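Per the working numbering, the sequence shown starts with residue 495, numbered consecutively. In this text, a Cβ means the ideal position worked out from N, Cα and C, and glycines have one as well. Quick caveat: nothing in here was measured; it's all calculated off a predicted structure.
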Amino acid sequence: MKKSLLAMFILLIVIGLTSCGSSGPEELHVYTWSEYIDPEIYELFEEETGIQVVEDIFGSNEDLLAKLQGGATGYDVIVPSDYMVDIMNELDMLAELDHSRLENIGNLDPTFTNPPFDPNMGHCLPYFWGTTGIGFNWNDWDEAPNSWAYLFDPELAQNFDGQISLLDDMREVFGAALIYLGYSPGTTNEAELAEARDLVIAIKPYVATFESDTYEDLMLTGETALIQGWSGDIFVTQGEDENIDYIIPKEGAVMWVDNLCITKDAAEDEDRLEAAYLWLDFLNRPDIAAINTNWVWYASPNEAAEPGILEEILTYPAIYPDEETFARLQYLGTVGDATEMYSRMWTEIKSE
Ligand code: N2P
């Protein structure tokens, strides 16, 4: 009798321990851009999976890279842009994607499923894409400011003395200045880059701030009036003040694709990896991708989500550019060793 009681007791302990070990992931840590997801999606995901998403924010691809290279562990899913995926792949920082764990992968538009920076989505899934242009307020204009000259020509920029903001993003600021000068936004030519640097230094007296996270709020409060910014951020602001608008200047602009990637770090732990796959697949469910697009106002690479996306988003030429505009868009591209030159000249701008 005593023995069987003991056996039963041991059995109960064993059952208890096993069920504890297989309780699955409870948290998922994402490292992403500000205001880049409808917060409701975190709740829906938790309701369905029991996994709580913990979000941390970065302001530029370079900040993301520096944080990870500085030894930060614990991030499961990160959201680098095109050229940064390239860099991170080179540095072997991203887990390989097992497509068989992603039921919804077929919802993606084939235009985005074999990007040059990550052939056949070997490591990442496209999340959103958009452009980097000019935000302005119709109160100040009869015709939209359709040239980077309004920001980069000192004569014109001084009209907005103290009301200009530029992104706190080395590649984006150089990218816009280089496009204005007629060069490639991914130049590795020192003289061209120096010219772009001098251009930014010349207008710096009129720049209120270099900001990437809350810059659109400054536009709403009227602190800034002419800004370099990301399409969706500015369109969301327009919802609160209809005089705010966004334009892709005639010289052209940067286009980017941001991507959902699982870190190598997360791949070492099956619980974390499982949570990351569930998250990537959840975001690619057509209903969820549509909710998200309708909140962020960026273009979605999820084709199956289209029926759920607001008509005004799908037909907005600055979100889904027409062919003529598309032809003026350029990726930043990787610059290899020239990154150091960019960093040095960026510091020169900042410390001027
Ligand atoms: C969202 C920022 C979009 C990221 N606030 C641009 N790569």
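Cβ-Cβ distance between residue i and residue j below 9 Å
i           : j           : result
residue 720 : residue 628 : yes
residue 611 : residue 809 : no
residue 790 : residue 723 : no
residue 536 : residue 521 : no
residue 777 : residue 545 : no
residue 571 : residue 525 : yes
residue 592 : residue 786 : no
residue 518 : residue 765 : yes
Straight-line gap, residue i to residue j (C-alpha atoms, nearest Å)
i           : j           : result
residue 556 : residue 663 : 8 Å
residue 807 : residue 598 : 23 Å
residue 718 : residue 704 : 11 Å
residue 743 : residue 641 : 5 Å
residue 540 : residue 712 : 33 Å
residue 652 : residue 841 : 23 Å
residue 844 : residue 669 : 16 Å
residue 584 : residue 558 : 15 Å
Residue i - DSSP class collapsed to helix/strand/coil
i           : result
residue 549 : strand
residue 681 : coil
residue 709 : helix
residue 505 : Annotation note: pLDDT 46 at residue 505 (below 50); position unreliable, coordinate value reported separately. Three-state DSSP puts residue 505 in a helix.
residue 555 : helix
residue 624 : strand
residue 523 : strand
residue 812 : coil
residue 528 : coil
residue 753 : strand
Close beta carbons around residue i, own chain, < 6 Å, minus the five adjacent residues each side
i           : result
residue 589 : 756, 758 and 761
residue 579 : 611, 612, 618 and 753
Cβ-based neighbour list, residue i, same chain, cut-off 7 Å, excluding 5 preceding and 5 following
i           : result
residue 780 : 601, 796, 798, 799 and 802
residue 706 : 553, 554, 661, 662 and 663
Chain-order list of residues whose beta-carbon lies under 8 Å from that of residue i (same chain, five-residue window excluded)
i           : result
residue 823 : 625, 742, 746, 747, 748, 749 and 815
residue 714 : 731, 734, 735 and 738
residue 826 : 575, 576, 577, 665, 666, 669, 679, 680, 748 and 750
Suppose only complete runs of 3+ residues qualify. What are the beta strand (DSSP E) ranges in the segment 626-703, listed by chain order? The qualifying runs are 658-660.
Pick out the complete beta strand (DSSP E) segments inside the segment 756-792, 3 residues or longer, and give them in chain order. DSSP runs (the beta strand (DSSP E)) wholly in the segment 756-792: none.
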